[in-house]
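Visitor: Just so we're aligned: 215 in this note's numbering is position 15 of the sequence shown, and the numbers increase by one with no gaps anywhere. The C-beta atom is built at its ideal place from N, Cα and C for all residues, glycine as well. Note that the structure is predicted; figures quoted are calculated from it, not measured. Have a look at this one.
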Amino acid sequence: MLSLLLLDVFDNALTFIERNTKIGWKKTSEGGREEIRSYPREAVREVLVNAIAHRDYSIMGTQIDVDIYQDRIEVVSPGSWLLPKPYEQYPVGSIPSIRRNQTIAACLDVANLMERGGTGFQTIAGSYRQAEPEKQPIVASYPGFLKLTLFDLLYGNSTDNENLADFDAVIEEDESVTEDQRKIVQLLCDGPMAPKELQEASSYQSRGSFLKYVINPLLADNKIRKGAKGGRLTTYELVNKSES
């Protein structure tokens, strides 16, 4: 039962991050395209697993926070750094393994989510090996809390990214577009989505308000349209700039 609950927490957090971050493309030497993500999937996976496995569950009234900013993701979990020296003083790949929650770590291990002791941070660092120094992951410890920061590999870069190009083409310099509407358009760059999925990414709890203030204005401005399916299977998709 515990394993299932932990898997739900992990899956929901991973889905939230993937829905609210970008995927781009770069040309290969062979003329094809290679997918690049704002955040390497293996790094996101390890950061979430670390937060779940090593959180101090005895600190009441706290939770694991996943915050997505324009250029970074911050994952803050209750429980301070367990090792005697700061993270920076340990060579990559040689961080001693200390498990705060043995049972939880064992559950994650059974689910094939937990890396061999001490290698999780090596995986995170390895996935950012080609990134600029200013975009390297950061581990920061505060009294009672541990924060892991991953930086957006696409932020500020000029990439051959069709999805981001579509997003820019739809939004351009339209100052009337709200932050919630920008989020919806960005999500639709990855393909058609159902209203419920889109609403979950917005700040609106009411379906009626979400449709009135987010979806309907985008429809009226011909930035999005209803997909091919109707009724309960209604989806929304972007309108290509050439069609508008």
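Can you check which of these residues, Glu274, Gly344, Gln381 and Glu334, is closest to Asn422 by C-alpha distance?
Guide: Your numbering for residue 422 matches position 222 in the sequence shown. Nearest option by C-alpha distance: Gln381.
Visitor: Where Pro286 and Pro395 are concerned, what is the direct C-alpha to C-alpha distance, given to the nearest angstrom?
Guide: Along the sequence shown, one-based indexing puts residue 286 at 86. Along the sequence shown, one-based indexing puts residue 395 at 195. Spanning the two alpha carbons is a distance of roughly 45 Å.
Visitor: Consult DSSP for Thr349 and reduce its assignment to one of helix, strand or coil.
Guide: Within the sequence shown, numbered from 1, the residue matching residue 349 stands at position 149. In the structure shown, Thr349 sits in a strand (DSSP, three-state: E or B).
Visitor: Where does Glu274 sit, in a helix, a strand or coil, going by DSSP?
Guide: For the purposes of this step, residue 274 is identified with residue 74 of the sequence shown, where counting begins at 1. Residue state, collapsed to three classes: strand.
Visitor: State buried or exposed for Asp420, treating a residue as buried only when at least 16 other CB atoms are found within 10 Å of its CB.
Guide: Taking the first residue of the sequence shown as position 1, residue 420 is located at position 220. The identity of residue 420 in the sequence shown is Ala, whereas the question assumes Asp. By the 10 Å Cβ count, Ala420 comes out exposed.
Visitor: Which two residues bound the contiguous beta strand (DSSP E) that contains Ser327?
Guide: Locating residue 327 in the sequence shown gives position 127, counting from the first residue. No beta strand (DSSP E) holds Ser327; the alpha helix (DSSP H) holding it covers Gly320 to Ser327.
Visitor: Flag this pair as yes or no: are the beta carbons of Leu354 and Lys222 separated by less than 8 Å?
Guide: Locating residue 354 in the sequence shown gives position 154, counting from the first residue. Locating residue 222 in the sequence shown gives position 22, counting from the first residue. Going by C-beta atoms, Leu354 is nearer than 8 Å to Lys222.
Visitor: Mind checking Gln270: buried by the 16 CB within 10 Å criterion, or exposed?
Guide: The residue given as residue 270 occupies position 70 in the sequence shown. Exposed, because fewer than 16 other Cβ atoms sit within 10 Å of the Cβ of Gln270.
Visitor: With distances taken Cα to Cα, identify the nearest neighbour of Ser238 among Glu218, Asp352 and Thr262.
Guide: In the sequence shown, the residue the question calls residue 238 occupies position 38. Looking at the Cα atoms, Asp352 is the closest of the given residues.
Visitor: Let me make sure I understand the geometry here. Which of Lys412, Gly326 and Leu214 has the alpha-carbon closest to that of Arg245?
Guide: As a first step, residue 245 is located in the sequence shown; it is residue number 45 there, counting from the start. Considering only alpha carbons, the answer is Leu214.
Visitor: So which of Leu388, Ile217 and Ala305 has the shortest CA-CA distance to Glu242?
Guide: As a first step, residue 242 is located in the sequence shown; it is residue number 42 there, counting from the start. When each option's Cα is compared against that of Glu242, the closest is Ile217.
Visitor: Using beta-carbon positions only, say whether Phe345 and Ser277 come within less than 8 Å of one another.
Guide: The count along the sequence shown starts at 1 and reaches residue 345 at position 145. The count along the sequence shown starts at 1 and reaches residue 277 at position 77. Taking 8 Å as the Cβ cut-off, Phe345 and Ser277 qualify as a contacting pair.
Visitor: For Arg255, count neighbouring C-beta atoms within 10 Å of its own C-beta (all shown protein chains included) and say buried if the count is 16 or more, exposed if not.
Guide: Mapped onto the sequence shown, residue 255 falls at position 55. Burial call: buried.
Visitor: Between Ile304, Ile324, Tyr436 and Pro333, which lies nearest to Leu388 when the distance is taken from Cα to Cα?
Guide: Within the sequence shown, the letter at position 188 stands for residue 388. Checked all of Ile304, Ile324, Tyr436 and Pro333; the closest Cα to Leu388 is Tyr436.
Visitor: With DSSP collapsed to three states, give me the class of Arg255.
Guide: On the sequence shown, residue 255 is found 55 positions in, with the first residue counted as 1. Three-state result, Arg255: coil.
Visitor: My output table needs one value for Asp267: the three-state DSSP class, helix, strand or coil.
Guide: On the sequence shown, residue 267 is found 67 positions in, with the first residue counted as 1. Strand at Asp267.
Visitor: With DSSP as the reference, identify every bridge partner of Met393, one or two as the case may be.
Guide: Counted from its first residue, the sequence shown places residue 393 at position 193. According to DSSP, Met393 bridges with Tyr436.
Visitor: Express the C-alpha separation of Ser341 and Asn212 in angstroms, rounding to a whole number.
Guide: As a working note, residue 212 is residue 12 in the sequence shown. As a working note, residue 341 is residue 141 in the sequence shown. C-alpha separation (whole angstroms): 25 Å.
Visitor: Quick check: what's the CA-CA separation for Ala325 versus Pro333?
Guide: Residue numbering aside, residue 325 sits at position 125 when the sequence shown is read from its first letter. Residue numbering aside, residue 333 sits at position 133 when the sequence shown is read from its first letter. One C-alpha to the other measures close to 11 Å.
Visitor: Are the beta-carbon atoms of Lys383 and Ser409 separated by less than 8 Å?
Guide: On the sequence shown, position 183 is the one that residue 383 refers to. On the sequence shown, position 209 is the one that residue 409 refers to. No, these two residues do not count as a Cβ contact at 8 Å.
Visitor: Pick out whichever of Trp281, Pro337 and Gln330 has its Cα sitting closest to the Cα of Glu274.
Guide: Counted from its first residue, the sequence shown places residue 274 at position 74. It is Pro337.
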